[in-house]
Structures are given as structure tokens and as C-alpha cells.
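Written out below as C-alpha cells is the structure these notes cover.
Now the structure itself:
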């Protein structure tokens, strides 16, 4: 189902992932030239130019003991060139799970560059967390241009691949109102769509219904997919859905939520408009534009 909003953040990278090259050592070596570009990062945060663009260097800027991850091929003014990111030999302070040091600096990036950074962040963070084999504990080594790690133990040789954790994030509608909640970590007055990880042996629809009931005590039905978003903090895929409920009664999970309530379409529309002004709406503060929850609220507000 189409969503009439701006391109979703962290999607639409201009870099061709060039999957066919990853398992071709000779082709990868041929891309490691003086024209190759290295994405400059401060730990897991992006380094920006004075023009608020991603800062790129050459492979000569990489540390001698780091690993290089192949992001893909980009088209430049001087033709095609390989794009790489650096996995530092030691984990930066804050660890691979740390959030962005400057979220405001990140979201000024053009959408294609933000997507390229999101891919690099998720991939580099995964490498930091998988330096050792989950099967036997031996060190692992980068393979397939950085899209795999292989156990160094000859008796094991387990192959490990970048993980993506599916998360359902959902708006639920009842009697013309929308169910939103706030967690303790939210800014004062801010509300968002309910969300939760998809568990093993569970469909997306089942996860939406379970999480809605667990967090709000509301029975959801007729789940429909709306939109998705890669979210590299550290490696989630946000699966945006919409559902309906017949009974508005709320029984909130007080261990997870500060508040859960229903909002009218007018209140949601007002909160969304306030985001553009850097303000909080009269009834609540809506999620920022970069979040898929903002797109879900916009989709619901516009369809009415």
C-alpha cells in the first residue's frame, strides 16, 4: 500500500550493492584502487563535511589493522568506483550498540547518503559483535567482502551472516481514533506507535496482535502491511502495520509503558504539523520525520 510521504529514512541508497562481486576476490581487489572511496566514520557515527554531506576518503585512510567492508559500487564524475567502510580492530567507546552521538547531524543528510550510512553502520556494528564464532568460540575472519564471517577453526568453519531483526510497529484504530503509547525513555509528552520484536515461530500478523495486547490490553484484528524501514540501531527492520480493534478498553503494561491512550484524527494531524515547526502538538508530541512511526501516523491521518 502506497504511503504519500517523503522517502523513508535509511532507504534508497545510491550505491549498487553488487552482490555478484562479493564472492569474487579478484574483482574485489580490482576495486581497491586509488579511486576507491572509504566512508569516514567516528566509531559508528558519520563524519560530515562542512556542507552536511557524508565525508569520504581513500583506502589509504584506513588503519593497517582494520578490516574493509565492501558496500558496493557508486557512479562518480570519473566513472564507477568501489565504496568501502572500515571495521576498526578495537570496539570504539560506547560499544557497537551505542546510539548516534548526533542524531540532528545525521538527519540533515540527503536520503541516498543517509541510506548508505545506515547500511555501513549496521554492517560495521555487526562485525564488531561477531569477532568470535557463536558455535565454538574461535576467532572469525571477514569473508565475501564483509557480508560474511567465517570461523577460523578448521574443525568448525561455521559461516555467519549479517543479521536483521524484524520489529513490528503498528497503529491500531478503533471508533475513528488511533492507539498510541509512550515509554519511559520518551521525551515528555511524546507518543508513538506501539512496537515489538517478532518472536520465533510467529508471523508478522501474530506479532502485531500479541504486542498490542501485551502493551495495551487491546485485541487487534485485520492486520495490514503499510511500509517498512531499515533501522541500523543496531540492525532492525521496522515493519509498519495498521490494525483495527472493536473494544477501546485499555489495560496497560506498566512495566513497559508510561501511558497508552486513543487520539482523534484531528489530534494526530495537529501533532504531525507541529513536528515541522519544531513544536509539540496540543495533545501530544509526534515522532520525528525520520522515524517510520511518523510515516504511519501520516498515512492514517491522510487517508481519512
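In my numbering, the protein residues as written are 664 to 967.
By construction, the Cβ of each residue, glycine as well, lies at the ideal position given by its N, Cα and C atoms.
This one's a predicted model, so the numbers in the text were calculated from it and none came from an experiment.
Taking residue 733 as the reference, which of 741, 727, 745, 723 has the closest Cα?
-> 745
Unbroken beta strand (DSSP E) run spanning residue 791, endpoints | Note, residue 791: premise wrong, no beta strand (DSSP E); alpha helix (DSSP H) at 774–792.
Just tell me which of 684, 832, 949 has its CA closest to the CA of residue 850.
-> 949
What is the DSSP secondary structure of residue 807, reduced to helix, strand or coil?
-> helix
Which parts of the segment 885–947 are runs of the beta strand (DSSP E), unbroken and 3 residues or longer, counting only runs that do not cross its ends?
-> 899–908, 922–927
Does the segment 938–945 touch the segment 908–918, meaning 3 or more C-beta pairs lie closer than 8 Å?
-> no
Beta strand (DSSP E) runs contained entirely in the segment 815–856, provided each spans 3 or more residues = 828–837, 840–845
Return the bridge partner residues of residue 737 from the DSSP annotation.
-> 744
Counting pairs of beta carbons, one from the segment 872–891 and one from the segment 769–780, are three or more of them closer than 8 Å?
-> no
With respect to the alpha helix (DSSP H) encompassing residue 701, which residues constitute its N-terminal and C-terminal limits?
-> From DSSP, residue 701 is part of no alpha helix (DSSP H) but of the beta strand (DSSP E) over 700–702.
Looking at residue 815 and residue 802, is the spacing between their C-beta atoms short of 8 Å?
-> yes
Would you call the segment 926–935 and the segment 858–865 touching, i.e. three or more CB-CB distances under 8 Å?
-> no
State buried or exposed for residue 683, treating a residue as buried only when at least 16 other CB atoms are found within 10 Å of its CB.
-> exposed
Measure from the alpha carbon of residue 875 to the alpha carbon of each residue in 831, 740, 735, then state which is nearest.
-> 831
How many angstroms separate the CA atom of residue 895 from the CA atom of residue 706?
-> 14 Å
What's the C-alpha gap between residue 761 and residue 726?
-> For residue 761, the predicted model reports a pLDDT of 49, less than 50, meaning its position is unreliable and no value from the coordinates is stated.
Just the Cα atoms here: how many angstroms apart are residue 697 and residue 740?
-> 15 Å
Sheet register partners of residue 972 (DSSP bridge) = The structure shown has nothing for residue 972, since the chain only spans 664 to 967.
Helix, strand or coil at residue 875 according to DSSP, with G and I counted as helix | helix
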